[in-house]
Amino acid sequence: MAPEAEPAFGRRLMPSVLDGLVRTNPNKLYGAIPKAADVTEGFRDITVADIARCANFMAAWIVERFGRSGSFETLTYMGIEDFRGVAVFHAAVKCGYKLLLPSPRNTPATNVSLMAQTGSTKLLHAAELLPVVKQLQILEPTIHPEVIPSFNDMINSTPEHFAYEKGFEEAKDDPILVLHSSGSTGPPNMLPDGNLLRNVRLHNKLRAIVIQPSVIEQILQEPNGIDLFKDVEFVCYSGAPLNPVAGDRLSKVADSVSVYGSTETFLIPELALAREDWVWHEFNPIFKHQMRLFDPAEGTYEMVVLADETNKDTSAIHHNIPGVTEYHTKDLFTRHPANPRLFKYYGRRDNIIVLANGMKLYPVPLEISVQSHPSLKGAFVIGNGRTQAALLVEPREFLDEGQRTKFLEELWPLVERSNSLIGGQGSIQQGKIICAKPDKPFARTPKGTVIRKLSEALYRDELEQLYSGSSPAKKESVRVELKPTMKPVYELWDVIEFARKTLSPSFAAAATIPEDADFYAYGLDSVQTLEVVSNLRRNLQYQTSFPTTWVSPRTIYQNSTVLDLSRLLKGFFGEGAFPEAESELAQTRIMDEVVERYTKALPKGPGSQTTESPGASVIALVGSTGYLGSHVLAALLRNSNISRIYCLNRSSDAQERQEAALLELLNGAQPLLQRLKYMTVELGKPLLGLGQNDYDRLAAEVKVIVYNSWRLDFGLAMRSISSIAQMALKSTAPEAPVPDASAALNTGYAQSKLATERILANASRISGVRVSIIRVCQVGGPTSGSPGTWADQPWISALLRTAKTLKSIPSRVAPIDWVPVDTAAAMLHDLVLEPARGAIRVYNICLARPRPWEHLVDVFRERHDIAEVIPLPQWVKKLRDVVDPTPEDVDRMPALKLLDHYGALGDGVTGIAVATEHADGVSGVEIPVADNDTLRSWLRDWGL
Numbered sequence: 011m012a013p014e015a016e017p018a019f020g021r022r023l024m025p026s027v028l029d030g031l032v033r034t035n036p037n038k039l040y041g042a043i044p045k046a047a048d049v050t051e052g053f054r055d056i057t058v059a060d061i062a063r064c065a066n067f068m069a070a071w072i073v074e075r076f077g078r079s080g081s082f083e084t085l086t087y088m089g090i091e092d093f094r095g096v097a098v099f100h101a102a103v104k105c106g107y108k109l110l111l112p113s114p115r116n117t118p119a120t121n122v123s124l125m126a127q128t129g130s131t132k133l134l135h136a137a138e139l140l141p142v143v144k145q146l147q148i149l150e151p152t153i154h155p156e157v158i159p160s161f162n163d164m165i166n167s168t169p170e171h172f173a174y175e176k177g178f179e180e181a182k183d184d185p186i187l188v189l190h191s192s193g194s195t196g197p198p199n200m201l202p203d204g205n206l207l208r209n210v211r212l213h214n215k216l217r218a219i220v221i222q223p224s225v226i227e228q229i230l231q232e233p234n235g236i237d238l239f240k241d242v243e244f245v246c247y248s249g250a251p252l253n254p255v256a257g258d259r260l261s262k263v264a265d266s267v268s269v270y271g272s273t274e275t276f277l278i279p280e281l282a283l284a285r286e287d288w289v290w291h292e293f294n295p296i297f298k299h300q301m302r303l304f305d306p307a308e309g310t311y312e313m314v315v316l317a318d319e320t321n322k323d324t325s326a327i328h329h330n331i332p333g334v335t336e337y338h339t340k341d342l343f344t345r346h347p348a349n350p351r352l353f354k355y356y357g358r359r360d361n362i363i364v365l366a367n368g369m370k371l372y373p374v375p376l377e378i379s380v381q382s383h384p385s386l387k388g389a390f391v392i393g394n395g396r397t398q399a400a401l402l403v404e405p406r407e408f409l410d411e412g413q414r415t416k417f418l419e420e421l422w423p424l425v426e427r428s429n430s431l432i433g434g435q436g437s438i439q440q441g442k443i444i445c446a447k448p449d450k451p452f453a454r455t456p457k458g459t460v461i462r463k464l465s466e467a468l469y470r471d472e473l474e475q476l477y478s479g480s481s482p483a484k485k486e487s488v489r490v491e492l493k494p495t496m497k498p499v500y501e502l503w504d505v506i507e508f509a510r511k512t513l514s515p516s517f518a519a520a521a522t523i524p525e526d527a528d529f530y531a532y533g534l535d536s537v538q539t540l541e542v543v544s545n546l547r548r549n550l551q552y553q554t555s556f557p558t559t560w561v562s563p564r565t566i567y568q569n570s571t572v573l574d575l576s577r578l579l580k581g582f583f584g585e586g587a588f589p590e591a592e593s594e595l596a597q598t599r600i601m602d603e604v605v606e607r608y609t610k611a612l613p614k615g616p617g618s619q620t621t622e623s624p625g626a627s628v629i630a631l632v633g634s635t636g637y638l639g640s641h642v643l644a645a646l647l648r649n650s651n652i653s654r655i656y657c658l659n660r661s662s663d664a665q666e667r668q669e670a671a672l673l674e675l676l677n678g679a680q681p682l683l684q685r686l687k688y689m690t691v692e693l694g695k696p697l698l699g700l701g702q703n704d705y706d707r708l709a710a711e712v713k714v715i716v717y718n719s720w721r722l723d724f725g726l727a728m729r730s731i732s733s734i735a736q737m738a739l740k741s742t743a744p745e746a747p748v749p750d751a752s753a754a755l756n757t758g759y760a761q762s763k764l765a766t767e768r769i770l771a772n773a774s775r776i777s778g779v780r781v782s783i784i785r786v787c788q789v790g791g792p793t794s795g796s797p798g799t800w801a802d803q804p805w806i807s808a809l810l811r812t813a814k815t816l817k818s819i820p821s822r823v824a825p826i827d828w829v830p831v832d833t834a835a836a837m838l839h840d841l842v843l844e845p846a847r848g849a850i851r852v853y854n855i856c857l858a859r860p861r862p863w864e865h866l867v868d869v870f871r872e873r874h875d876i877a878e879v880i881p882l883p884q885w886v887k888k889l890r891d892v893v894d895p896t897p898e899d900v901d902r903m904p905a906l907k908l909l910d911h912y913g914a915l916g917d918g919v920t921g922i923a924v925a926t927e928h929a930d931g932v933s934g935v936e937i938p939v940a941d942n943d944t945l946r947s948w949l950r951d952w953g954l
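Following this line, the structure appears as structure tokens:
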């Protein structure tokens, strides 16, 4: 007897395979179903012969009612989770139809729309879904519904065989199934829980478990819950990340597999990994795809699936999205720091939250951490277009209003710890948490994932109250009372207490920081500054009848310690005195005082230092993970004369986030990374927040310090550069600037940079420190073909987002002298390594012939409804007319936060001559002009 031919894997058809199995192995187990609603009563095995019988029965049933289809007409099926769906699918294919499978959890309008889009009027449904179907008929009377028989009727039938005659070549491109993404599902459904799985496990020998991550976490929180997963070969989950603590526990007893894919791509093939690597994916290299660098600063990559003639039989996008050669999944991953083949799921591009100031934050690590609380069912962060992020949490148990308030108090320590995973303005404040109500549970997909948009919509009113200040949960509007000890005398210590209490709701550190400590060195940012101003005005109005409009962000910037602010307030309370708008002379005096404050203690140095010849060198880069910093670091690593680079950053996970992105910028040159040493620093604090030994080692080894960590906040910039200068005095590094303090624009940002140049000039003159100052014009996006996207530039994006709201954009703001980020990094590399020659050196990295602002206006108006182009002062006046803006105003018009900056531009900056001879003489890199296509590409990176 001739040996049986091997199946033609990859070239078989499902109905034919099913019929073939019936002939060769009819008792092969297909699945099992419970004998009754109570699974403890046992299960009934279902064989392939049973499924084939049901399919033949349903094929005859369809033909009897609708006939066969010769044009792949769409037949719609809505059922419950049983094997009838399998039978209907095989039957529809045999009869020549394609099957639409809308979720019964969709809104009726959504399902009617799906049927209309696919030209379907014939609807098969389970009897259990009759109420759902009636709602569809109300919206669309032409729908023809038919109730299908029960599964018992199907399996106990005796139909004739219904043949499927097509071969692979004839049928390979036949449309047979229409699916939609699970993200469109609406009202919540009942999900399997741990008790059900436990009962199934007790009555069956399971080799593997496929389950939602939320159920895994629930089971592991129960006593002896881990025992449920012992003795199974693997546990498979998908749809959402698994909490790292739960995943680590699970990996001790079973292999865990996180499958990845989508409706468009189907499952992406992967290689099996060691149990301890459970959180990583290694995608099969034979499957055509690319991991494209998305955000160098965060070290994220987007999965892009490729399609060409060579993978037509193995890539689903050929058939699901015909004609597409590459499909951007919008799924982001981070690369393993040691094994470049491994990637960890990071999240959806859609889940990245963009705050009103353009800051991007990824909330999933915080959400996963918060959800580890055993009493929580779910949690997610919102904040798109808002000044701050907020957190919505859903308890597992029914809680009344009082219990919800108490629960939030108990939850707060975990939220506070979890804030370290999100950082900065993305941190959740105690007054920015909403507890879900029992009558409004979060909307979820069938996989158990929270549907963010629908769940957020459920709490729209509560969120508006939270952000508007009318919510009882909002703590920023706390009223602080202050009484004079003997009218009209206010004691300074009482005013200090008043200042601390007023600041604390928006800036928690204010309650405990030293009286002379700078707010910005302790983390106050521009968004919190706006809230502080609002709270301060409100509480001043409680205390006095004097006008309070003089309180502005600049008031806080220029009085950025508890003591300075309290002294200012004491004068106001007692005499109604408040600072006048400062004249140019006053601003110059303040800057002179700042320079004096940070240079008066500089020690005398040895005078002019000799120039060192180029060669092996050690560099400290302050701010390596940012947008420009990543590109600069890559450029420095390519230079073999640099033996070590110390990366000094505020975040403790800088290495993990950055090195994967660096490999992309360095074309996978892993050995170069061995020259990196990461240190976590706190800019503005003594010794940079380092231990004495680490600080001394830096001072002894480092030859060049590159300071690339400038923030918009005036106070912090001064203090952080002061700490760097102190370290430079112990090593050999910096050099020189503009002596006229009035040369800077009337903004804290510009003034702080000029003051810093003067501080460094004094350091060079007094202490002999070699200094090079590199002034970089606006950094743009990457040049064509380079990886990454344009990082947000707040002064540009805030202006454009506000222009969308106002339908008005200013003319002649500033020339487009924007330098592509990779070009700037290449020039910085050359200039940083140019040996200093005694005197301080200043370099300008700037486009010699910038384009007019109007080119950006034209590109922006192509994409948005802009009714008018008006002079900048007129546009600024529109914003100044918004008196005491609400958080909602700032959400819609983020330029309100930068009014001082725009106002200081006057009629706009035009035709500034910038000398570039020094930079051009050292670096041969040419700066390309940003044409309209480049501008369109860069703005697309911001969703504009």
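Numbering (the numbering used here), first residue to last: 11 to 954. Each residue gets a CB set at the ideal place from its N, CA and C atoms; glycine is no exception. Bear in mind the structure is a predicted one, so any value in this text is a computation, not a measurement.
task: Only counting runs of 3 or more residues, tell me where the beta strand (DSSP E) segments fall wholly within the segment 878-940, in order along the chain.
output: Fully contained in the segment 878-940 are the following beta strand (DSSP E) runs of length 3 or more, in chain order: 878-881.
- request: Return the residue from the list Tyr40, Gly77, Glu83, Phe53 that minimises the CA-CA distance to Arg63.
  value: For Arg63, the nearest C-alpha among the options comes from Tyr40.
Helix, strand or coil at His190 [DSSP, three-state]: Coil.
field: Terminal residues of the beta strand (DSSP E) in which Arg660 lies
entry: From DSSP, Arg660 is part of no beta strand (DSSP E); its letter is neither H nor E.
- request: From the DSSP output, read off the bridge partner residues of Gln300.
  value: Secondary-structure assignment with DSSP links Gln300 through a beta bridge to Val314.
message: Assess contact between the segment 437-445 and the segment 397-407, defined as three or more Cβ pairs (one per stretch) separated by less than 8 Å. Is contact present?
response: Yes, since at least three Cβ pairs between the segment 437-445 and the segment 397-407 fall closer than 8 Å, the two stretches touch.
task: Give the single residue among Pro451, Ser430, Asp449, Leu418 whose Cα lies nearest to the Cα of Lys442.
output: Selected option, being the one with the closest Cα: Leu418.
- prompt: How would you call Phe172, buried or exposed, if buried means at least 16 neighbouring beta carbons within 10 angstroms?
  reply: In the assembly as shown, Phe172 is a buried residue. Its beta-carbon has 16 or more other beta-carbons within 10 Å.
message: Quick check: what's the CA-CA separation for Leu260 versus Leu915?
response: Each residue's Cα considered, the two are about 59 Å apart.
- request: In the DSSP assignment, find the unbroken beta strand (DSSP E) run with Glu404 in it and report its ends.
  value: Counting along the chain, the beta strand (DSSP E) containing Glu404 begins and ends at 400-405.
field: Tyr567 classed as buried or exposed, judged by whether at least 16 other C-beta atoms fall within 10 angstroms
entry: Buried.
query: For the alpha helix (DSSP H) that contains His328, what are its first and last residues?
result: Residues 327-330.
- request: Inspect the beta-carbon positions of Lys38 and Val58 and report whether they are closer than 8 Å.
  value: Result yes, Cβ atoms of Lys38 and Val58 sit closer than 8 Å.
message: Under DSSP, the alpha helix (DSSP H) around Thr1 begins and ends at which residues?
response: Because the chain is modelled from 11 through 954, residue 1 falls outside the range shown and cannot be assessed.
query: Can you give, in chain order, each stretch of the alpha helix (DSSP H) that sits fully within the segment 534-567 and has at least 4 residues?
result: 536-553, all fully within the segment 534-567.
- request: Starting from the C-beta of Pro202, find all residues in its chain whose C-beta is less than 8 Å away, skip the five residues before and the five after it, and write them out in chain order.
  value: Residue confidence for Pro202 is low, a pLDDT of 49 falling below 50, so the modelled location carries little weight; the figure read from the coordinates is stated next. Same-chain partners within the cutoff: Ile221, Gln222, Val225.
message: Taking 7 Å as the limit between beta carbons, can you name the residues of its chain near Asp323, skipping five residues before and five after?
response: Only Gly20 meet the Cβ criterion.
- request: Let me know the secondary structure DSSP gives Ser782 once reduced to three states.
  value: In this structure, DSSP gives Ser782 an extended state, which the three-state scheme calls strand.
- request: Give the DSSP-derived three-state secondary structure of Lys687 in the structure shown.
  value: Strand.
- request: For my contact list, Leu10 and Arg950 are in at a C-beta cut-off of 8 Å; report their separation, rounded to the angstrom.
  value: Here the chain has residues from 11 to 954 only, and residue 10 is not among them.
- prompt: The alpha helix (DSSP H) spanning Tyr637 covers which residue range?
  reply: DSSP places Tyr637 in the uninterrupted alpha helix (DSSP H) bounded by 637-647.
- prompt: Sorted by chain position, which residues of the same chain lie with C-beta nearer than 8 Å to Phe304's C-beta, five sequence neighbours on each side aside?
  reply: Excluding its 5 nearest sequence neighbours in each direction, Phe304 has C-beta neighbours in its own chain below 8 Å: Thr310, Tyr311, Glu312, Leu342, Arg359, Gly798, Thr799, listed in chain order.
- request: Please go through the same chain and pick out, in chain order, the residues whose beta-carbon is closer than 7 Å to the beta-carbon of Arg414, but skip the five residues on each side of it.
  value: Excluding residues within five positions, the ones whose Cβ falls inside 7 Å are Cys445.
message: Please classify Ala119 as buried or exposed, where buried requires at least 16 neighbouring CB atoms within 10 angstroms.
response: Exposed is the call here.
message: Which residue wins for smallest C-alpha separation from Gly257, given the options Gln231, Phe99, Ser562?
response: Comparing Cα positions, the closest option is Gln231.
task: Give the straight-line distance between the Cα atoms of Tyr247 and Pro254, rounded to the nearest whole angstrom.
output: Inter-residue distance for Tyr247 and Pro254 is about 14 Å (C-alpha atoms, whole angstroms).
- prompt: Quick one: any contact between the segment 783-792 and the segment 819-837, if contact means 3 or more CB pairs under 8 Å?
  reply: Under the Cβ criterion (8 Å, minimum of three pairs), the segment 783-792 counts as touching the segment 819-837.
- prompt: How long is the line joining the alpha carbons of Ile90 and Pro938, rounded to whole angstroms?
  reply: One Cα belongs to Ile90, the other to Pro938, and the distance between them is close to 60 Å.
query: Thinking just about the alpha-carbon of each residue, which of Glu292, Lys176, Glu51, Tyr356 is nearest to the one in Arg667?
result: Out of Glu292, Lys176, Glu51, Tyr356, Tyr356 has the C-alpha closest to the C-alpha of Arg667.
field: Helix, strand or coil at Tyr705 according to DSSP, with G and I counted as helix
entry: Helix, per DSSP.
Host alpha helix (DSSP H) of Asp943 (start-end): Per DSSP, Asp943 is one residue of the alpha helix (DSSP H) stretching across 942-951.
task: Have a look at His641 and Ala836 and give me their C-alpha separation to the nearest angstrom.
output: So the alpha carbons of these two residues sit roughly 8 Å apart.
query: Nearest-angstrom Cα distance between Val919 and Leu409?
result: Roughly 58 Å between the two C-alpha positions.
message: Output needed for Phe517: all residues of its chain with C-beta closer than 7 Å, excluding positions within five of it in sequence on either side, in chain order.
response: Cβ contact annotation for Phe517 (same chain, cutoff 7 Å, sequence separation greater than five): Phe529, Leu534, Gln538, Val542, in chain order.
task: From the DSSP output, in three-state form, read off Asp71 for me.
output: Asp is not the amino acid found at residue 71; the sequence shown has Trp there. It is helical.
query: Between Gln381, Ser661, Glu83, Arg873, which lies nearest to Val460 when the distance is taken from Cα to Cα?
result: If you compare the alpha carbons of Gln381, Ser661, Glu83, Arg873 with that of Val460, the shortest gap goes to Gln381.
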